Every structure is written in structure tokens, then in C-alpha cells.
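> The sequence shown begins at 47 in our numbering and counts up by one. Just so it is clear, CB atoms sit at the ideal spot from N, CA and C, and this is done for glycine as well. All values derive from a computational prediction rather than experimental measurement. Below is the structure I would like to discuss, written out as C-alpha cells.
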Amino acid sequence: MAPAGSLRHAHSYNVRENAGSAQLKVRSKMDNVAGVQLPIFESYSEGADVFELTGLGRGGQQVQHCKKTFKNAVQLLAELATLQVRLRAAQATAPAARARRTRTQMREQRHAAAVPPPPHRPRSSSWTR
């Protein structure tokens, strides 16, 4: 009878031998948001599922459940990364936008103070052609 630890290591070795390249991958695409190029991360599956027909017993169900959970986790992490990049970009551009708005307001105030309002002309009540 083999020790319990050696059996665990034998299965681990078999899984590593059967795994070639990653099936679940993450890619980034650029998206133009208000004139700023921002990456969007998305997960995708590539290639055939090597472990699709893994045992029908309880162990196979657990492997399938783990795969599904891992896929959901990778999708959520890709979405989180996209949101984090957008937040950081917004935080980086906020001071420039605030300064631009302040300059515009100051310019409008100087212009309003320097130029007197146009004289009020009463409107005539009849239409003339």
C-alpha cells in the first residue's frame, strides 16, 4: 500500500503533464472614451478542453465545478481591471478638466466686467415686413 502523500503527488504530476498551454486567456483591446484611449480587458477560451470528459464520478464533478468557478473569477478580475484603469484615467484627467473649467469661468468673468451690457431696446408690438 502506497503512502497517502505519494498518491497525491502522482495525480498532480499527471495533471501538469496533460496541461499544454492555457485554455482560458485574457486579452486587451483599446476603446476610445471621450477622446482618451483606454484598455478593455476580456477573458476568452482558446483551444479544446482537455479535461472535458474527466470522470463522471464525484471527482469529475468537482473538477468541472472548479473550472467553472475559475472561469468566473477570471472574468470578474478582467472586468475589475477594466474599471480600475478607467477610474485611474478619470482621476488623472480630473485636475486638468478642473483647471480648464476655472480658466473658462475666469475668462467669462473678466469679459463680463470689461464689456458693458448692450442697451435695452423696447420691442415693437407689431410685425413689419
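Spatial neighbours of E179 within its chain, please: CB distance less than 7 angstroms, with the 5 preceding and 5 following residues excluded, ordered by chain position.
Because the chain is modelled from 47 through 175, residue 179 falls outside the range shown and cannot be assessed.
> State the CB to CB distance for the pair T139 and V79, rounded to an integer number of angstroms; the pair is presumed to be in contact (CB under 8 angstroms).
No, T139 and V79 are not in contact; Cβ-Cβ is about 10 angstroms, not under 8 angstroms.
> Which residue from R169, S67, E88 puts its Cα closest to that of T128?
A check of alpha carbon separations from T128 across R169, S67, E88 identifies E88 as the nearest.
> On the DSSP letters alone, give me the boundaries of the beta strand (DSSP E) that E88 sits inside.
E88: member of the beta strand (DSSP E) spanning 82 to 91, first to last residue.
> Just to confirm before moving on: does the CB-CB distance between L84 and R132 stay below 7 angstroms?
yes
> Cα-Cα, which of Q121, R147, V109 is closest to R73?
Out of Q121, R147, V109, Q121 has the C-alpha closest to the C-alpha of R73.
> Give me the Cα-Cα distance between E154 and A160, rounded to the nearest whole angstrom.
The C-alpha of E154 lies about 10 angstroms from the C-alpha of A160.
> Is R147 helix, strand or coil by DSSP?
helix
> Can you tell me the Cα-Cα spacing of I86 and F116, whole angstroms?
20 angstroms
> Rounded to whole angstroms, what's the CA-CA distance from R149 to Q137? Just pull it up for me.
19 angstroms
> Got a sec? Which residues, its chain only, sit under 7 angstroms from P141 by beta carbon, not counting five neighbours each side?
none
> Would you report the Cα separation of V109 and A124, rounded to the nearest angstrom?
22 angstroms
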